[in-house]
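K.L.:
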Amino acid sequence: MATGTVDPSAPKDVQGTSAPTGDIDTGSGNLHEKERQMVAAIRPPHQRHLSPFVITERPEEKQLGVSTRTLTVDDFALLKTLGTGTFARVWLVRLKDEIRQRDKVYALKILRKADVIKLKQVEHVRNERKTLSAVAGHPFITTLIASFSDDQSLYMLLPTRARRFNENTAKFYAAEITLTIEFLHDVEGIVYRDLKPENILLDAEGHIRLVDFGFAKKVDNRETYTLCGTPEYLAPEVIHNSGHGLAVDWWALGILIYEFLVGQPPFWDQNPMRIYEQIVEGRIRFPQNMSPAAQNIISLLCKTNPTERLGYISGGSARVKSHPFFEDIQWDDLFYRRIKGPIIPRVDHPADTGNFEEYPDPDVRSQNVYTDDLKKKYEALFSDF
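When you line the sequence shown up against our numbering, it's residues 10 to 394, in that order.
1. Are three or more beta carbon pairs between the segment 237-254 and the segment 198-218 nearer than 8 Å?
2. Nearest-angstrom Cα distance between K226 and I199?
3. So what's M299 in DSSP terms, helix, strand or just coil?
4. The beta strand (DSSP E) that contains V102, what's its start and end?
5. Go to T90, then tell me how far its beta strand (DSSP E) extends in each direction, as first and last residue.
6. Taking 9 Å as the threshold (C-beta atoms), are I126 and A97 in contact?
7. Nearest to N280 by alpha carbon, out of A143, K89, H194, T189?
8. Assuming V99 and L87 form a contact by the criterion Cβ under 8 Å, report the distance between their Cβ atoms to the nearest whole angstrom.
9. Which parts of the segment 241-307 are runs of the beta strand (DSSP E), unbroken and 3 residues or longer, counting only runs that do not cross its ends?
10. Just grab the DSSP bridge partners of P168 for me.
11. Indicate the three-state DSSP secondary structure (helix, strand or coil) for T233 in the structure shown.
12. Assuming contact is defined by CB atoms lying nearer than 9 Å, are Q161 and A123 in contact in what I supplied?
13. Tell me where the alpha helix (DSSP H) around A123 begins and ends.
14. Going by DSSP, what residue range makes up the beta strand (DSSP E) through A179?
15. With distances taken from CA atoms, which of L243, A213, T189 is nearest P220?
16. Using 8 Å as the threshold, is the segment 278-295 in touch with the segment 336-344, meaning 3 or more CB pairs across them?
17. Alpha carbon to alpha carbon, what distance is there between S331 and L310?
18. Can you have a look at Y164 and say buried or exposed, based on whether 16 or more other CB atoms are within 10 angstroms of its CB?
19. On the DSSP letters alone, give me the boundaries of the alpha helix (DSSP H) that L319 sits inside.
20. So T178 and P351 are supposed to be a Cβ contact under 8 Å. How far apart are they, rounded?
21. Among residues of its own chain, excluding the 5 on either side of E214, which ones have a beta-carbon nearer than 8 Å to its beta-carbon?
22. For the alpha helix (DSSP H) holding R328, just list the boundary residues, first then last.
23. So S1 and H194 are in contact, right, with Cβ under 8 Å, and what is the actual spacing, rounded?
24. Nearest to E185 by alpha carbon, out of I209, P168, E132, F295?
25. Does DSSP put L219 in a helix, a strand or coil?
26. Excluding the 5 residues flanking F269 on each side, which residues of the same chain have their C-beta closer than 6 Å to its C-beta?
27. Going by beta-carbon coordinates alone, are L101 and T169 separated by less than 9 Å?
28. Relative to the alpha-carbon of N314, which residue among G324, D357, W259 has its alpha-carbon at the smallest distance?
29. Starting from V343, trace the alpha helix (DSSP H) in both directions and tell me its first and last residue.
30. So if DSSP puts A155 in a beta bridge, which residue, or which two residues, is it bridged to?
31. Beta strand (DSSP E) containing L80: first to last residue?
32. Let me know the secondary structure DSSP gives K227 once reduced to three states.
33. Classify L383 as buried or exposed, calling it buried when 16 or more other Cβ atoms lie within 10 Å of its own Cβ.
34. Are there 16 or more other CB atoms within 10 angstroms of the CB of A261, so buried, or fewer, so exposed?
35. Hey, would you say A155 sits closer than 9 Å to L141, going by beta carbons?
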């Protein structure tokens, strides 16, 4: 659709368009006090007739009346790109004055005015913004919290769809990953070194398939020194380049459980160096609604000293599996796939790619050519393929 759709695979709540307005435009939904101070507290007439389960007002919010706040992109900390398109990019953002509230995030869609004009999308952008304002409050349509602009771009602030698992779902997939790490370490002596959501696929029955073993290495109980992995998931010893081994996978499991439950990793910044500083410091802020068992296992897996880290200390993976967080997991049934996965992807046929992101076809003209000279030098290295 040519009206600013960001990414066919992105959540619907981050697909939309912005509008050339200077002040905020009210949406609807369960806005807390700071949010209500940020937007004009006006609802369309039809919204007053919606179910109270859709629109919930707090008593203190009713006294706020109409208040406005002119927004700029500088009011937000840009956390991570959620999707991109021809002339738009959607960021996961947090208001800078709410920076310590890790569960308070939004989707900010940014459209460059020059691109909107060049692609003749001005009218579509304006119409879609107008439509979103008109239908605010409907339970199945995304909420336009605010729209604003500056000299170069148009902005639309939207709520983020739940991008996290409930604890039972997180526990199920963390348990399957625990069994995978246990096998790699104890049976094969392999450190995986690239555990992250992007490398975990689900099969048609809702069970995981770990992919991308490009950083995997057989180390047994030895240490290696290669700096590799994804910044948010690097263990402190990798950053220090002090030698690392199997313990880095248990650190990454702790980070992964946190991201499963919160929707983002505990250490993140636009500047990778700042991420590394946070990791070395090792202080994790937990949302108040995270269970004590989840907080505890994450804390034990994310010990900055690898010799104190759950999974690597005496008892190994058995200590991880016996942690209270996993108390209701039937490990044999899980291993033999007797338990149904909590998320079953829709797969209509073997070649169905509907659950994968769409990417543009590569430009063959810009690809490097494997010349005869390169073949003479490197072909022997590929003899295993």
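All C-beta atoms, glycine included, are put in the ideal place defined by N, C-alpha and C.
These numbers come from a predicted model, not from an experiment.
P.N.:
Reading from the atomic positions:
1. yes
2. The residue you call residue 226 lines up with position 217 of the sequence shown. The residue you call residue 199 lines up with position 190 of the sequence shown. Looking at the two C-alpha atoms, the distance is approximately 5 Å.
3. For the purposes of this step, residue 299 is taken as the residue at position 290 of the sequence shown. Three-state DSSP puts M299 in coil, outside helix and strand.
4. Locating residue 102 in the sequence shown gives position 93, where the first residue counts as 1. 97-104 is the extent of the beta strand (DSSP E) around V102.
5. The sequence position of residue 90 within the sequence shown is 81, counting from 1. Per DSSP, T90 belongs to the beta strand (DSSP E) from 85-93.
6. The sequence position of residue 97 within the sequence shown is 88, counting from 1. The sequence position of residue 126 within the sequence shown is 117, counting from 1. No, these two residues do not count as a Cβ contact at 9 Å.
7. Here residue 280 refers to the residue found at position 271 of the sequence shown. Residue K89 is the option with its Cα nearest to N280.
8. Locating residue 99 in the sequence shown gives position 90, where the first residue counts as 1. Locating residue 87 in the sequence shown gives position 78, where the first residue counts as 1. Their Cβ separation, rounded to whole angstroms, is 11 Å, which puts V99 and L87 out of contact at 8 Å.
9. The qualifying runs do not exist here; there are none.
10. As a first step, residue 168 must be located in the sequence shown, where it is residue number 159. Note: P168 sits in a beta bridge opposite Y115.
11. As a first step, residue 233 is located in the sequence shown; it is residue number 224 there, counting from the start. Note: T233 maps to strand in three-state DSSP.
12. By one-based count along the sequence shown, residue 161 stands at place 152. By one-based count along the sequence shown, residue 123 stands at place 114. Annotated as proximal: Q161 and A123, with beta-carbon spacing under 9 Å.
13. As a first step, residue 123 must be located in the sequence shown, where it is residue number 114. Looking at the DSSP string, the run of the alpha helix (DSSP H) that includes A123 is 122-127.
14. Against the sequence shown, residue 179 aligns to sequence position 170. That residue, A179, is in no beta strand (DSSP E); its alpha helix (DSSP H) goes 176-191.
15. What you label residue 220 is simply residue 211 of the sequence shown in a count that begins at 1. Just to set this straight, residue 220 is Val in the shown sequence, not Pro. When each option's Cα is compared against that of V220, the closest is T189.
16. no
17. Counting from one through the sequence shown, the residue named residue 310 turns up at place 301. Counting from one through the sequence shown, the residue named residue 331 turns up at place 322. Their Cα atoms are separated by approximately 13 Å.
18. Start at 1 with the first residue of the sequence shown, and residue 164 comes out as number 155. Flag for Y164 reads buried.
19. The residue labelled residue 319 in the question sits at position 310 within the sequence shown. Annotation for L319: no alpha helix (DSSP H) segment contains it, and DSSP assigns it neither H nor E.
20. The sequence position of residue 178 within the sequence shown is 169, counting from 1. The sequence position of residue 351 within the sequence shown is 342, counting from 1. Sure, about 5 Å apart at Cβ, within 8 Å.
21. Locating residue 214 in the sequence shown gives position 205, counting from the first residue. R346, K349, G350, I353.
22. Here residue 328 corresponds to residue number 319 of the sequence shown, with the count starting at 1. Looking at the DSSP string, the run of the alpha helix (DSSP H) that includes R328 is 325-330.
23. Given that the chain is displayed from residue 10 to residue 394, the structure contains no residue 1 and the question cannot be resolved.
24. Here residue 185 corresponds to residue number 176 of the sequence shown, with the count starting at 1. Per the Cα distances, I209.
25. Numbered from 1 along the sequence shown, position 210 holds the residue referred to as residue 219. In the displayed model, L219 falls within a strand according to three-state DSSP.
26. As a working note, residue 269 is residue 260 in the sequence shown. Exclusion of the five residues before and after F269 leaves F174, A179 as the residues of its chain whose Cβ lies within less than 6 Å of its Cβ.
27. Residue mapping note: residue 101 aligns to position 92 of the sequence shown, counting from 1. Residue mapping note: residue 169 aligns to position 160 of the sequence shown, counting from 1. Yes; because the gap between Cβ atoms is below 9 Å, this pair is in contact.
28. In the sequence shown, residue 314 corresponds to position 305, counting from 1. Measuring from the Cα of N314, the nearest candidate turns out to be W259.
29. As a position in the sequence shown, residue 343 is number 334, starting the count at 1. Note on identity: in this sequence residue 343 is Leu, with Val being the wrong assignment. L343 -> alpha helix (DSSP H) spans 340-344.
30. Along the sequence shown, one-based indexing puts residue 155 at 146. According to DSSP, A155 bridges with L166.
31. The sequence position of residue 80 within the sequence shown is 71, counting from 1. Premise fails: L80 is in no beta strand (DSSP E) and is neither H nor E.
32. By 1-based counting over the sequence shown, the position of residue 227 is 218. In this structure, K227 counts as strand in the three-state DSSP scheme.
33. The sequence position of residue 383 within the sequence shown is 374, counting from 1. With fewer than 16 Cβ atoms within 10 Å of its Cβ, L383 is classed as exposed.
34. Here residue 261 refers to the residue found at position 252 of the sequence shown. A residue is called buried once 16 or more other Cβ atoms fall within 10 Å of its Cβ, and A261 is buried on that count.
35. Locating residue 155 in the sequence shown gives position 146, counting from the first residue. Locating residue 141 in the sequence shown gives position 132, counting from the first residue. Contact: no.
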